[in-house]
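A.B. asks: Got a structure for you, questions after.
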Amino acid sequence: MRDRIRSVAVALALFTPAIIAAQDMAPPKFLQITREVVKPGKDLAHSKSEAGWARSLEAAKYPATSLGMSAQSGPNEMWWLNGYGSMAEVQKVNDAVDASPALTAVGATYGPPEADYVSNTIGMIARFRDDISYSSGTPMTAVRFFLVTRVVVRTGMGDQFTEARKLIKAAHEKVKAADGYGIYQVTAGAPAGTFLIFSGRKSLAELDNDPHGPAYVAALGGPEGQKKLTDMQIAYQASASTDLFKLDPTISVLDKSWAAADPFWKRKAVAKK
14 MRDRIRSVAV
24 ALALFTPAII
34 AAQDMAPPKF
44 LQITREVVKP
54 GKDLAHSKSE
64 AGWARSLEAA
74 KYPATSLGMS
84 AQSGPNEMWW
94 LNGYGSMAEV
104 QKVNDAVDAS
114 PALTAVGATY
124 GPPEADYVSN
134 TIGMIARFRD
144 DISYSSGTPM
154 TAVRFFLVTR
164 VVVRTGMGDQ
174 FTEARKLIKA
184 AHEKVKAADG
194 YGIYQVTAGA
204 PAGTFLIFSG
214 RKSLAELDND
224 PHGPAYVAAL
234 GGPEGQKKLT
244 DMQIAYQASA
254 STDLFKLDPT
264 ISVLDKSWAA
274 ADPFWKRKAV
284 AKK
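As structure tokens, then:
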């Protein structure tokens, strides 16, 4: 949780893509993402440090929120998701942190040891694409996992990607599919044409069953519709990968309404350093 990575209100849920507060599900226009690649054998020490960092930020009246999660597949990473309505809001929070001796002290305490735990840090800014996202209505406080799909679209093929995703969204809406998702287009920190698709899950058991049955296939246009989508994906897609993440309240800084809605998000005591 780098001190330089700050923002106004975290968010994602992407069946209900946003979380300024647990009861407020309006998606943020922008998402700031911090990815930390954890060194081998440093998982426990890093997690303990991040938990102390998060609780210390709360104790120092950190004026923003941040949702933390850890990778269960792919590279050994921790991600923090921070959402906001504008870049002006980001500057407002940054200025408030810079003006606070207590918050500055937290960064000075927990920042330097990161070199022992983390081999790389990647920051990204992404813009929410409401036109191709689909909300199933599941509250964010019920989400425990995210499937995050990273798609890189070939140069000049953005319109084809959008067209394909609109077909998928229309089919989800027609059958009221349970697998909601939110799509963010990366504007900085990744190759041009990078999109992140976040899909929340309440439990891993949800992955045991395919949510797209015959009714969904019919809504896509049957076998012909599926073939059309496949052909479109072959044309526009340069690469794609999906990883599973587990949400972690111990490394998050969240609005109190989260814990009020679900004890899973209850804050722990500040860890001593």
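Reading the sequence shown from the start, the letters are residues 14 to 286 in our numbering. Note that CB positions come from ideal geometry on N, CA and C, so glycine has one too.
(1) What are the partner residues of Phe277, as DSSP defines its beta bridges?
(2) Could you give the DSSP three-state label for Asn107: helix, strand or coil?
(3) Any idea what DSSP makes of Met170, helix, strand or coil?
(4) Among Gln198, Thr151 and Tyr249, which one has its Cα closest to the Cα of Lys189?
(5) Would you kindly work out how many angstroms separate the C-alpha atoms of Pro114 and Pro76, rounded to a whole number?
(6) Could you give the uninterrupted runs of the beta strand (DSSP E) lying entirely in the stretch 125-199, keeping only those of 3 residues or more?
(7) Quick one, which of Thr78, Met82 and Ala232 has its alpha-carbon nearest Asn107's?
(8) Got a sec, what are the start and stop residues for the alpha helix (DSSP H) Ala121 sits in?
(9) Return helix, strand or coil for Lys259, following the three-state DSSP convention.
(10) I'd like to know whether the C-beta atoms of Val165 and Ala251 end up nearer to each other than 8 Å.
(11) Quick check: the Cα distance between Ala67 and Gly193, rounded to an integer number of angstroms?
(12) Considering Tyr97, what are the terminal residues of the beta strand (DSSP E) in which it resides?
(13) By the 10 Å Cβ neighbour count, where 16 or more other Cβ atoms means buried, how is Leu57 classified, buried or exposed?
(14) Grab the span of the beta strand (DSSP E) containing Ile46 for me, first residue to last.
(15) Based on the DSSP secondary-structure assignment, which residues constitute the bridge partners of Ser83?
(16) So, Ala248 versus Ala184, is the Cβ gap smaller than 8 Å?
(17) Is it true that the stretch 159-178 meets the stretch 267-276, where meeting means three or more beta-carbon pairs spaced less than 8 Å apart?
(18) How is Leu57 classed by DSSP in three states: helix, strand or coil?
(19) Beta-carbon separation of Val161 and Gly213 under 8 Å?
(20) Do you know offhand how far Ser62's Cα is from Gly202's?
(21) Measuring only the C-alpha atoms, how far is Val131 from Val266?
(22) In this structure, does DSSP put Ser62 in helix, strand or coil?
(23) Are the CB atoms of Leu94 and Phe158 nearer to each other than 8 Å?
(24) If you draw a straight line from the C-alpha of Pro125 to the C-alpha of Ser148, how long is it?
C.D. replies: Straight from the coordinates:
(1) Note: Phe277 sits in no beta bridge, so no partner.
(2) helix
(3) coil
(4) Thr151
(5) 13 Å
(6) 131-141 and 158-166
(7) Thr78
(8) Pro114 to Tyr123
(9) strand
(10) yes
(11) 29 Å
(12) Glu90 to Tyr97
(13) exposed
(14) Phe43 to Val51
(15) Met91 and Lys259
(16) no
(17) no
(18) helix
(19) no
(20) 25 Å
(21) 20 Å
(22) helix
(23) no
(24) 40 Å
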